[in-house]
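Step one of this worksheet: look at the structure below.
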């Protein structure tokens, strides 16, 4: 044991006069971009965090957006609820430059929120987060019977589906008939 | 009265401040549903495919990998043992029709590393077994205590890509080797 310690100390540089190159090099300031959702609340996100999103990353690199331009024109994601976008931004910040763990336990447990998150993440093309979300969705029905799954996910039965389809066809037929009658009236 | 109005205003404010979520499984695009199904284990997939026809065709389009699958049957009952991700699943049934309906699903979606077939009693008169043209996808196949005609039927139902076939032949069955070698999936 002691020999190891001795060996270590002797192997250590005796005169650490020069700092490592990486520490001496001036740090490149991190660039930030801005995004907003349906609620128009603007979120400031670092370029590193945004790398998780293939969509935004592509927009930045393909459009040649500068930080100033991005500040003046935040990326608008009108189809994403504000709190869902907040969740996505938080996740990207937490996992910035880090290898993603095999499990993520911080995802929402509420089904509707989770499904909204899935749609947002799919749209933003965040592969790792989408994998976690899909796993979480699958976990929602673990050990459940078909009836329970139908209830949890509000899946209509085939009979309900057929009835809804018939109703939609009927409505479309009525609307078409109404339009024809209106057109005939105009012609007179 | 005024307090009631205040309460009402407060409730309205609260309810409008909280986002309303109505997204559910039915709103997910098929590719996302497939990703989620890919994360489900066999029991959940079986439950989901019983909820509605649309879900059934989605589940049936998704392959599922098994390390080992063992299909057994005698004059009393039929049994299936499946091993996937270090977990075991089993199913027993004395209802031949129900069992083979289930086998046909597993055959369609299952990708087996090891497949063991052991049907002791001849199934040649059983139409659902003989006429079903679905193929087993397996790397290594073993026949153990299997009726010869059943074995021939299964060998004809193997998809290309089989690496090894192990057959425990009785002494009398050696005469029938020629018949086995005639099967395209077996002949080198």
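Residue numbers (my numbering), protein chains in the order written: chain A, 72 to 259; chain B, 25 to 212.
C-beta: ideal position from N, C-alpha, C; glycine also.
Roughly how many angstroms separate the alpha carbons of residue i and residue j, rounded to a whole number?
i              : j              : result
residue 224(A) : residue 145(B) : 43 Å
residue 214(A) : residue 189(B) : 35 Å
residue 75(B)  : residue 87(B)  : 19 Å
residue 232(A) : residue 239(A) : 11 Å
residue 107(A) : residue 60(B)  : 28 Å
residue 123(B) : residue 136(B) : 19 Å
residue 171(A) : residue 162(A) : 11 Å
residue 220(A) : residue 196(A) : 27 Å
residue 160(A) : residue 209(A) : 23 Å
residue 100(B) : residue 118(B) : 6 Å
residue 50(B)  : residue 92(B)  : 33 Å
residue 185(B) : residue 104(A) : 50 Å
residue 123(A) : residue 169(A) : 11 Å
residue 139(B) : residue 218(A) : 32 Å
residue 205(A) : residue 163(B) : 29 Å
residue 68(B)  : residue 183(B) : 26 Å
residue 199(B) : residue 114(B) : 36 Å
residue 247(A) : residue 258(A) : 17 Å
residue 226(A) : residue 103(B) : 31 Å
residue 133(A) : residue 146(A) : 14 Å
residue 234(A) : residue 176(B) : 47 Å
residue 168(B) : residue 188(A) : 49 Å
residue 208(B) : residue 187(B) : 14 Å
Can you pull the chain A neighbours of residue i, defined as C-beta to C-beta under 7 Å?
i             : result
residue 89(B) : The contacting residues do not exist; residue 89(B) stays about 15 Å from chain A at best.
residue 51(B) : 186
Kindly indicate which three-state DSSP category residue i falls into: helix, strand or coil?
i              : result
residue 132(A) : helix
residue 94(B)  : strand
residue 199(A) : helix
residue 108(B) : strand
residue 102(A) : coil
residue 251(A) : helix
residue 107(A) : strand
residue 155(A) : helix
residue 153(B) : helix
residue 208(A) : helix
residue 146(A) : strand
residue 81(B)  : helix
residue 236(A) : helix
residue 147(B) : coil
residue 210(B) : coil
residue 138(B) : strand
residue 89(B)  : strand
residue 115(B) : strand
Against residue i, what residues of chain B qualify as contacts under a CB-to-CB distance less than 7 Å, listed in chain order?
i              : result
residue 229(A) : 76 and 77
Please confirm whether residue i has its beta-carbon closer than 8 Å to some beta-carbon of chain A.
i             : result
residue 68(B) : yes
residue 48(B) : yes
residue 71(B) : yes
residue 39(B) : Because the pLDDT at residue 39(B) is just 37, under 50, the model does not fix this residue reliably, and the point stays unresolved.
Could one say the Cβ of residue i lies closer than 8 Å to chain B's Cβ atoms, at least one of them?
i              : result
residue 215(A) : yes
residue 234(A) : no
residue 196(A) : no
residue 178(A) : no
residue 220(A) : yes
residue 164(A) : no
residue 106(A) : no
residue 158(A) : no
residue 239(A) : no
residue 209(A) : yes
Could you tell me which chain B residues have their CB closer than 8 Å to the CB of residue i, listed as they occur along the chain?
i              : result
residue 205(A) : 56, 59, 60, 62 and 63
residue 126(A) : The premise fails here: residue 126(A) is roughly 15 Å from chain B at the closest Cβ pair, so nothing lies under 8 Å.
residue 191(A) : None at all; the shortest Cβ gap to chain B is about 10 Å.
residue 225(A) : 48, 49 and 50
residue 212(A) : 64, 68, 71 and 72
For the beta strand (DSSP E) that residue i lies in, which residues bound it at each end?
i              : result
residue 162(B) : 161-167
residue 178(A) : First-last for residue 178(A): undefined, no H or E at that position.
residue 189(B) : 188-191
residue 116(A) : 113-117
I need the boundaries of the alpha helix (DSSP H) containing residue i, first residue and last residue.
i              : result
residue 57(B)  : 54-62
residue 178(B) : 172-180
residue 204(B) : 201-205
residue 132(B) : 120-133
residue 67(B)  : 66-72
residue 217(A) : 217-223
Compute every distance between the C-beta of residue i and the non-hydrogen atoms of the ligand HEM, then say whether any falls below 7 Å.
i              : result
residue 220(A) : Questions concerning the ligand HEM fall outside what the structure shown contains, since it holds no ligand whatsoever.
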